[in-house]
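Just so you know, we're using this note's numbering here: the first sequence kicks off at 110 and counts up by one. Virtual Cβ for every residue (Gly too), placed ideally from N, Cα, C.
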Amino acid sequence: MSAAPVILWYRDDFRLSDHAPLRAAVASGAPIIPLYVLDDETPGPWRLGGASRWWLHHSLAALAADLSARGGRLVIRRGDACAVIRQLARECQAQALYFHRGYTPAEADLERRLWRELGDSLEVRRFRGRLLVEPEQVKTGAGEPFKVFTPFWRACLSLPEPEAPAPAPERLAPPPPEVTGLDLDDLALLPRTPDWAGGLRDNWRPGEAGAWERLTAFLDAAVVGYAADRDLPGHPGTSRLSPHLHFGEISPRQVWHAVRGLQAGYAAATKGGDAFLREVGWREFCQHLLHHWPRLPTEPFNPRFAHFPWREDEAAFGAWRRGQTGYPLVDAGMRELWHTGWMHNRVRMVVASFLVKHLLVPWQRGQDWFWDTLVDADLANNAGSWQWVAGCGADAAPYFRIFNPVLQGQKFDARGDYVRRWVPELRRLPDRDLHAPFAAGQASLAAAGVRLGVDYPAPLVEHDFARQRALAALATLREA
DNA sequence: TGAAATGTTGGGGCG
DNA sequence: ACGCCCCAACATTTC
């Protein structure tokens, strides 16, 4: 007579190592039902985007394989998670439900419902593990949540060191054989007609092993120069861990300890490692912000911006999405995003600033596009970062800080590697004209085979005009 | 995790 | 030799 099974509910924590709910399930000695529930039906603005669906498919495939290798079996179902779990628990007489705490409003709601509806019949246990620091662990002197990053991060760093991560269990007891689920393919997560995922396949390896491959490669090479090189989009100076962290294929605690471990024996990694962990800190900050301000993805954190005179300009928004603004750095970024599902962070700031300030398109529209196209699309990071760029967020860049896309290109892509890669029609322009083809001489354009307005668009707006217009729009907020 | 405008300074050309 | 102007180069302020 085997014990009643434990349901191990997976959601954006698709790993076996450093996984407290899994460890507890193994320790219970009971059969384990690793469960993933795709909720595609519940209406809501944050249904998974296309790139996220692609990643999810492959991450689930990797998780299923990793579980099988240890004797387990992933069970996939679809529908409202609460209803699915209730049904499954009834089917197999489960004794318990273990899962990681989530921080989005929808996840928090779901957890409350689970407790209310199933708490009497099941042992419902929630674990921490998707963040370094729980929202309740850090508060300002006044007892409020932090609204400024630097003191937030200082408070995080003053806490005791995060626990050392635990290894993956060697074996786990399989679910009862009568428990069935869907095939991964039944979820229809992959793009079909057309299959636009070629660039994603070429650039990414979803899953726990792929996450460690990235982290290891980063710590072996790029972390030493990270503080400066992370700003160069043409240089492989960043970790590219963001999608792996979003899907929980690696935990921030594992990243933390890997970096600290390296720093302990290798002084050259001190500065870069700290700068890198600070970026992990921004992730924590955004997750905390969303926890405390659930309307972060829809409403400006700074309420004054509710009256900002945004423009509805579908043509300009379309040109931005397609990478046809006439500013090479902006266009390179948007094309990198479309092709690979990712964009270098420096360029994310520039393209976002361009949309919000040069075009005056609401930041929510940009957020929507990123949500659909980024493999690391994350509700908290996306909302926090767009609000930061737009100037209405917590600890935001002041609205009047307007990036000049030409200067940003000359400064961070001086040799043009990045622009030439993603905007090949400009490849033959000399460095001095590459970031401003509209200002190049006729001879230079002709020599490079570029006809403005034919091979490459003229600028959507002129920078000086757009800058003045954005500042004028901001001025209306002060009057209001 | 800016950029542009404005102010200041100091070297050098020139009458 | 001297004052004047120009204008980088740098600093400060403003948006």
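For Trp-118, DSSP records a beta bridge to Leu-144, Phe-208. Take the alpha-carbon of His-400 and the one of Glu-216: they are about 10 Å apart. By the neighbour-count criterion, in which a residue is buried when 16 or more other Cβ atoms sit within 10 angstroms of its Cβ, Val-257 is exposed. Residue Thr-213 holds the alpha-carbon nearest to the alpha-carbon of Gly-153 among Ile-185, Thr-213, Leu-125, Ala-306. Distances from the CA of Asn-513 to each of Tyr-436, Ile-359, Arg-560 were compared; the closest alpha carbon is that of Tyr-436.
Closest in alpha carbon position to His-209, among Ala-170, Tyr-145, Asp-440, Trp-391, is Tyr-145.
Glu-388 has its alpha-carbon roughly 11 Å from the corresponding atom of Gly-381.
The continuous alpha helix (DSSP H) containing Ile-194 extends over residues 190 to 201.
Its chain contains Leu-147 as the residues whose beta carbon lies nearer than 6 Å to that of Arg-187, once the 5 sequence neighbours on both sides are disregarded; these appear in chain order. In the three-state reduction of the DSSP assignment, Val-532 falls in the coil class. Between the alpha carbons of Gly-427 and Gln-433 lies a gap of roughly 8 Å.
Taking a cut-off of 8 Å on C-beta distances, the stretch 338 to 356 touches the stretch 437 to 457, as three or more cross pairs fall below it. Burial state of Ala-548 is exposed, judged by a 10 Å Cβ sphere holding fewer than 16 other Cβ atoms. Where Arg-234 is concerned, there is no enclosing alpha helix (DSSP H), although the beta strand (DSSP E) around it starts and stops at 232 to 236. In the structure shown, the three-state DSSP call for Val-389 is helix. In this structure, the CA atom of Gly-442 is about 33 Å from the CA atom of Thr-151. Here Phe-394 has Phe-258, Phe-261 as same chain residues with Cβ atoms under 6 Å from its own Cβ, once five neighbours each way along the sequence are excluded. Classified as exposed, Thr-407 has fewer than 16 neighbouring CB atoms from the shown chains inside 10 Å of its CB. DSSP, read as helix, strand or coil, puts Leu-569 in coil.
Where Val-135 is concerned, the enclosing alpha helix (DSSP H) starts and stops at 129 to 137. Residue pairing by DSSP places Val-184 opposite Leu-144 in a beta bridge. Under DSSP, Leu-561 shares a beta bridge with Tyr-565.
Cβ neighbours of Arg-222 within its own chain (closer than 7 Å, five residues either side excluded): Cys-191. Here Tyr-527 carries a helix assignment [DSSP, helix/strand/coil].
For Pro-274, same chain residues with a beta-carbon under 7 Å away, outside a window of 5 residues either side, are Ser-126, Asp-127, Ser-360, Arg-362, Gln-363, His-366 in chain order. Close CB contacts of Ala-203 within its chain, under the 8 Å cut and outside five residues either way in sequence, are with Ala-113, Pro-114, Val-115, Ile-116, Ile-142, Leu-197, Leu-231 (chain order). The closest CA to that of Trp-402, considering only Leu-324, Gln-577, Ala-489, Tyr-375, is found on Ala-489. If you check the CB distance, Asp-481 and Gly-158 come in under 8 Å. Listed in chain order, the alpha helix (DSSP H) elements of length 4 or more contained wholly in the stretch 406 to 485 are 423 to 431, 437 to 449, 454 to 462, 472 to 482. In the three-state DSSP reduction, Lys-256 falls in the coil class, being neither helix nor strand.
Between Pro-284 and Pro-140 the beta-carbon gap is near 6 Å, inside 8 Å, which marks them as a contact. With contacts defined as CB atoms closer than 8 Å, Ile-185 and Leu-291 qualify as a contacting pair. Annotated as distal: Gly-357 and Ala-171, with beta-carbon spacing of 8 Å or more. Membership of Gly-159 in the alpha helix (DSSP H) is indicated by the continuous run 159 to 178. Val-559 sits away from Leu-438, with the two beta carbons spaced by 8 Å or more.
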